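Chemist:
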């Protein structure tokens, strides 16, 4: 059965007709607007308008009672943003902590899930594979579940007396950590193995956003690491599907040419297959970044920022500032700063992965001697 | 022809959109504050009155509490003829916050001491304390806790102190007797050591200021001065208390509830993951789930500065946006009578906030006498605006106490407090 | 978590192997046979890692609380008990949550399929002023991360008086920008000759859409159904900010409150795992039924 392949074709060019066309195209303009109006209204009211309202709240001093549009609410400029980025006070420190937690999360999850999903895709796509469907389903199934259900499962799996610790005890005989209650950063633990137990004087003073350098390099806490594992577990399936589809489109001719030129399997993968996967790689990494910076559901369901504030993320902090502390302006400001961060990261990685023109040196190296001009 | 048709369609869509926004808008927001503007509780009087049903939102400690409150409210409802509904919140602060923002909060709700200042400042609650009939019956220290800006805001609904609860079976099994009941820090450590065996840790409690603060009180330290104007968190006394806790967390005789796999001290005691715990009155209700455990309540040991513990209380907050405050006031008066509070106490433990019930309570609950004795020397938690955030941060740092440095922790608490105290 | 945007780019799950070279009969050398065994071994191990958590979840939901704590790894309960399920159905609001989730999901899925295909068709086929602008807006809206909408959606719902109501839960989810994108792409790939024929026969625009084009769009519609079902069944943040009345809780909100709210007294793992397992079943069923039909929708994005 042919798979329906959809391509982005340009809309059909019919001969230009004047707008007051009769006959076949009668009423098309009105119909067009009517068809599109539910989408426009709902997106406008529930997406566009809220963003504007939040923008207003973030630059106002609304205290959480009554309407934010009432005349008592004043414009305070960038005060909320300033307070968050000042490095002074509890709010700024909390924001810095949230950023640090989420940055480490992104830093670990995105490469891991990209690599794992690519690995799974390659394995599952090999020729002469039996039970391909079964494996594909097995790897994709976690992505179908809701984050709430998976978090509940994970809290059990990684509890102090849960299966993971039991497995660790069975395999290594040692005692696993009390995962979701352990606030120690894993980088600190790593330093501890080498004897560095406390902050070196140079980086122990409060610095950027109220956190010391030592705090910034603490790495994700053990609790956050459990969440990182969870993220890789649940999203690798989706991205695996993307890679499978992309691999199907990689023509065999180039690989064959590579085989004839004597390239090893690894070289064939690295230099022939992978570059053709560049667009998918870009998509996967972008989606990964956008998703990882918005971690909320898992924290809300699972640890609520504990232990020791090491699982607080900016999204969760935005929520608690507004809904628990009634600091609506701060909450909205955090959300917008997060928005900017996501955009910045997306642009950055787009730039990093751009198609670069082949350098002159390379061209010279690969041109046969006689043909060089 | 075409043009006008299209323009009409465009206009139609635009009109629909605008109507959708403007038409049903404002119902939630505008009426509330405007209507109760006059009743914004400056000097009592001016309570709103209407036929609306009342909503009461509670942060329940369990089924026993929810059932008891519902029963009491239903009885009042029958008497007074005003409908009332009790809702047990899953996340009280969040739901209150959403209610205030929407102009549609519950009429009455549990209000903790550390949250009063914030709500009072933004006008979400009104001060009705002076209009209570039984105003004079409340303990003065509790009234003090709920007085802000010189206004007595809300009626304390009950109070608890923290004391030491011992699992009698494990105590006896370890060969300990009445003489070994801890009276100072050293004997507490010794008892905890004897009781630590296998899966059971000697003393287990939640790793938060709301429990560890008892040790600080026993050492003679506090977070904020009694008049609430100076932050005194980084005192030597507090450091001593934290050092004592750290020492025994490290040697395994004390433990945080989370570290032994329990949600709180009561669960640890119930599941026998801890032989002793530091908890308040509410533990009596919770231990109903664990019939194997036979609890013994004794006063916390004295520290370097003598006996000390923490005191907790909640009040019945009344929303400024409530349309039927007079009925709410009458309900509060009913719920804070001595008989009603004694009934609550029997159901889920806390002590009545009115002095006239004290004797009866002691007669009814001879096993829980230690809690009431605590009232003589208990320390209340600070009530400054913004202090609950400081608590959250302090608790986050206490999670690292075992490997951390008490002085650093206290220093950061001090700087946080200084930012919010006068 | 997987959201509609991510799944919008999923491709057809056919069984074509990675290469399309003429099938040569390859002799299985001992080396390549060893390679095959290694491959299957690795895959089997990985599959076990992915499946085991769910197996242990179901197993634990049938254990007693003590056994769950003392013997977490085993997949066969020593004493098989349905106590957790009884508590779930008799002592908690689980049936109510399930009903609410079902109502919301059905409404949202029906609504989305209808509105999104309408808009997609209009953007693909009908010419009207401002079409380009609307499309740009739809694409732009896809870029807004959902975290930015947390607080403001709550404020807007309040302003409109829809807070704490089914309308507030359903309406904002009725339209999905990614869905519009998918349908538009799909409609653009259908040859216009069929429509032209219908118009020549005198059908109005809506008639053409409803009776001629829509039936041809079955693969895309099925994709939208799957994505909408999954998206609304698993939605959490919107239900946090749009309702607080426990009578309106959906499964996600309810199970989250079981896990960490004030209703969670103690660590009742069998109960929580049972709830989580039950809430996964409908989505899993939909997934298994339709998985072959998830269509290839992002060719453009991949090559771009």
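Chains as they are written, first to last, in the working numbering: chain C, 729 to 1101; chain U, 122 to 543; chain H, 38 to 341. Note that beta-carbon positions come from the ideal geometry of N, C-alpha and C, so glycine has one too. The model shown is predicted, which means the values in this text are computed figures rather than measured ones.
(1) Are the C-beta atoms of residue 188 of chain H and some chain C residue less than 9 angstroms apart?
(2) State the Cα-Cα distance for the pair residue 327 of chain U and residue 418 of chain U, rounded to the nearest angstrom.
(3) Can you list, in chain order, the residues of its chain with a C-beta nearer than 8 angstroms to that of residue 976 of chain C? Leave out the 5 residues immediately preceding and following it.
(4) Quick one: give me the first and last residue of the alpha helix (DSSP H) that residue 850 of chain C is part of.
(5) Quick check: what's the CA-CA separation for residue 266 of chain U versus residue 501 of chain U?
(6) Which residue from U:364, U:187, U:179, U:199 puts its Cα closest to that of residue 229 of chain U?
(7) For residue 262 of chain H, which residues of its own chain have a beta-carbon under 7 angstroms away from its beta-carbon, when the five flanking residues on both sides are left out?
(8) Mark residue 400 of chain U as exposed unless 16 or more other C-beta atoms lie within 10 angstroms of its C-beta, in which case mark it buried.
(9) Assuming residue 530 of chain U and residue 508 of chain U are in contact, meaning their beta carbons sit under 8 angstroms apart, how far apart are those beta carbons, in whole angstroms?
(10) Fully enclosed by the stretch 87-158 of chain H, which beta strand (DSSP E) runs are 3 residues long or longer?
(11) Return the CA-CA distance between residue 986 of chain C and residue 978 of chain C, expressed in angstroms with no decimal places.
(12) Does any CB atom of chain U fall closer than 9 angstroms to the CB of residue 192 of chain H?
(13) When you compare the CB of residue 882 of chain C with every CB in chain D, is at least one pair closer than 9 angstroms?
(14) Below 7 angstroms on C-beta distance, what does residue 870 of chain C contact in chain H?
(15) Spatial neighbours of residue 962 of chain C within its chain, please: C-beta separation below 8 angstroms, excluding the five flanking residues on both sides.
(16) Mind checking which residues open and close the beta strand (DSSP E) that includes residue 1074 of chain C?
(17) For residue 220 of chain H, count the other beta carbons within 10 Å of its own beta carbon; 16 or more makes it buried, fewer makes it exposed. Which is it?
(18) Between residue 940 of chain C and chain H, is any beta-carbon pair separated by less than 9 angstroms?
(19) Compare the C-beta of residue 999 of chain C with all C-beta atoms of chain H and state if any pair is closer than 9 angstroms.
(20) For residue 225 of chain H, count the other beta carbons within 10 Å of its own beta carbon; 16 or more makes it buried, fewer makes it exposed. Which is it?
(21) Identify the contact partners of residue 281 of chain H in chain U, using a Cβ-Cβ distance below 7 angstroms as the criterion.
(22) Among U:254, U:447, U:268, U:375, whose alpha-carbon lies nearest the alpha-carbon of residue 318 of chain U?
(23) To the nearest angstrom, report how far apart residue 279 of chain H and residue 69 of chain H are at their CA atoms.
(24) Would residue 206 of chain H be called buried (16 or more neighbouring beta carbons within 10 Å of its own) or exposed?
(25) Contact between the stretch 447-456 of chain U and the stretch 231-243 of chain U: three or more CB pairs below 8 angstroms?
(26) With distances taken from CA atoms, which of H:313, H:290, H:327, H:287 is nearest residue 260 of chain H?
(27) Run down chain C in chain order and give the residues with a C-beta less than 7 angstroms from the C-beta of residue 289 of chain H.
(28) Would you mind giving the Cβ-Cβ distance between residue 248 of chain U and residue 1036 of chain C, rounded to the nearest angstrom? I have them listed as a contact below 8 angstroms.
(29) Any chance the stretch 1043-1061 of chain C sits against the stretch 800-809 of chain C, with 3 or more Cβ pairs inside 8 angstroms?
(30) Please report the residue range of the beta strand (DSSP E) in which residue 287 of chain U lies.
(31) To which residues does DSSP link residue 324 of chain U through a beta bridge?
(32) Count the other C-beta atoms from every protein chain shown that fall within 10 angstroms of the C-beta of residue 171 of chain U, then say buried if there are 16 or more, exposed otherwise.
(33) Below 7 angstroms CB to CB, which residues in the same chain sit around residue 385 of chain U once its five sequence neighbours on both sides are set aside?
(34) Of all the options C:773, C:941, C:960, which has the alpha carbon lying nearest to the alpha carbon of residue 1012 of chain C?
(35) Candidates U:437, U:431, U:468: which alpha carbon is nearest residue 340 of chain U's?
(36) Please report how far the alpha carbon of residue 209 of chain U lies from the alpha carbon of residue 253 of chain U, in whole angstroms.
Modeler: Looking at the atomic coordinates:
(1) By one-based count along the third chain, residue 188 of chain H stands at place 151. Judged by the 9 angstroms Cβ criterion, residue 188 of chain H is in contact with chain C.
(2) Locating residue 327 of chain U in the second chain gives position 206, where the first residue counts as 1. Locating residue 418 of chain U in the second chain gives position 297, where the first residue counts as 1. In a straight line, the C-alpha of residue 327 of chain U is about 18 angstroms away from that of residue 418 of chain U.
(3) On the first chain, position 248 is the one that residue 976 of chain C refers to. 853, listed in sequence order.
(4) Working through the first chain from its first residue, we reach residue 850 of chain C at position 122. Looking at the DSSP string, the run of the alpha helix (DSSP H) that includes residue 850 of chain C is 817-852.
(5) On the second chain, position 145 is the one that residue 266 of chain U refers to. On the second chain, position 380 is the one that residue 501 of chain U refers to. So the alpha carbons of these two residues sit roughly 8 angstroms apart.
(6) What you label residue 229 of chain U is simply residue 108 of the second chain in a count that begins at 1. When only C-alpha atoms are compared, the closest one is U:179.
(7) The sequence position of residue 262 of chain H within the third chain is 225, counting from 1. 146, 150, listed in sequence order.
(8) Taking the second chain and counting its residues from 1, one reaches residue 400 of chain U at position 279. Buried.
(9) As a working mapping, residue 530 of chain U is identified with position 409 in the second chain. As a working mapping, residue 508 of chain U is identified with position 387 in the second chain. The pair is not a contact, with the Cβ atoms about 17 angstroms apart (cut-off 8 angstroms).
(10) none
(11) Here residue 986 of chain C refers to the residue found at position 258 when the first chain is read from its first residue. Here residue 978 of chain C refers to the residue found at position 250 when the first chain is read from its first residue. Whole-angstrom Cα-Cα distance: 13 angstroms.
(12) Position 155 of the third chain, counting from 1, holds the residue named residue 192 of chain H. Interface residue, yes.
(13) Of the protein chains in this structure, namely C, U and H, none is chain D.
(14) One-based indexing of the first chain puts residue 870 of chain C at position 142. Per Cβ cutoff of 7 angstroms: 87.
(15) Within the first chain, numbered from 1, the residue matching residue 962 of chain C stands at position 234. Here the set comprises 870, 871, 873, 875, 878.
(16) As a first step, residue 1074 of chain C must be located in the first chain, where it is residue number 346. No beta strand (DSSP E) holds residue 1074 of chain C; the alpha helix (DSSP H) holding it covers 1056-1080.
(17) As a first step, residue 220 of chain H is located in the third chain; it is residue number 183 there, counting from the start. It is buried - the Cβ of residue 220 of chain H has at least 16 other Cβ atoms within 10 Å.
(18) As a working note, residue 940 of chain C is residue 212 in the first chain. No - not a single Cβ of chain H is within 9 angstroms of the one on residue 940 of chain C.
(19) The residue labelled residue 999 of chain C in the question sits at position 271 within the first chain. By this cut-off, residue 999 of chain C is not an interface position.
(20) As a first step, residue 225 of chain H must be located in the third chain, where it is residue number 188. When all chains shown are included, residue 225 of chain H counts as buried.
(21) Numbered from 1 along the third chain, position 244 holds the residue referred to as residue 281 of chain H. 216, 219, listed in chain order.
(22) Counting from one through the second chain, the residue named residue 318 of chain U turns up at place 197. Cα-wise, what sits closest to residue 318 of chain U is U:375.
(23) Indexing the third chain from 1 puts residue 279 of chain H at position 242. Indexing the third chain from 1 puts residue 69 of chain H at position 32. If I take the Cα positions, the gap works out to 58 angstroms.
(24) For this step, residue 206 of chain H is matched to residue 169 along the third chain. Buried, since its Cβ has 16 or more Cβ neighbours within 10 Å.
(25) no
(26) Along the third chain, one-based indexing puts residue 260 of chain H at 223. It is H:327.
(27) Against the third chain, residue 289 of chain H aligns to sequence position 252. Ordered by position in chain C, the residues that pass the 7 angstroms Cβ test against residue 289 of chain H are 874, 876.
(28) As a first step, residue 248 of chain U must be located in the second chain, where it is residue number 127. As a first step, residue 1036 of chain C must be located in the first chain, where it is residue number 308. Not confirmed; about 37 angstroms, so no contact.
(29) yes
(30) On the second chain, position 166 is the one that residue 287 of chain U refers to. Unbroken beta strand (DSSP E) run through residue 287 of chain U: 284-288.
(31) For the purposes of this step, residue 324 of chain U is taken as residue 203 along the second chain, with counting starting at 1. For residue 324 of chain U, which the question treats as bridged, DSSP gives the partners U:375, U:397.
(32) Here the question's residue 171 of chain U lines up with position 50 in the second chain. Counting Cβ neighbours within 10 Å, residue 171 of chain U comes out exposed, since fewer than 16 surround it.
(33) Working through the second chain from its first residue, we reach residue 385 of chain U at position 264. 327, 378, listed in sequence order.
(34) As a first step, residue 1012 of chain C is located in the first chain; it is residue number 284 there, counting from the start. The shortest C-alpha separation from residue 1012 of chain C is found at C:960.
(35) The residue you call residue 340 of chain U lines up with position 219 of the second chain. For the residues U:437, U:431, U:468, the minimum Cα distance to residue 340 of chain U belongs to U:431.
(36) Residue mapping note: residue 209 of chain U aligns to position 88 of the second chain, counting from 1. Residue mapping note: residue 253 of chain U aligns to position 132 of the second chain, counting from 1. Each residue's alpha carbon lies about 25 angstroms from the other.
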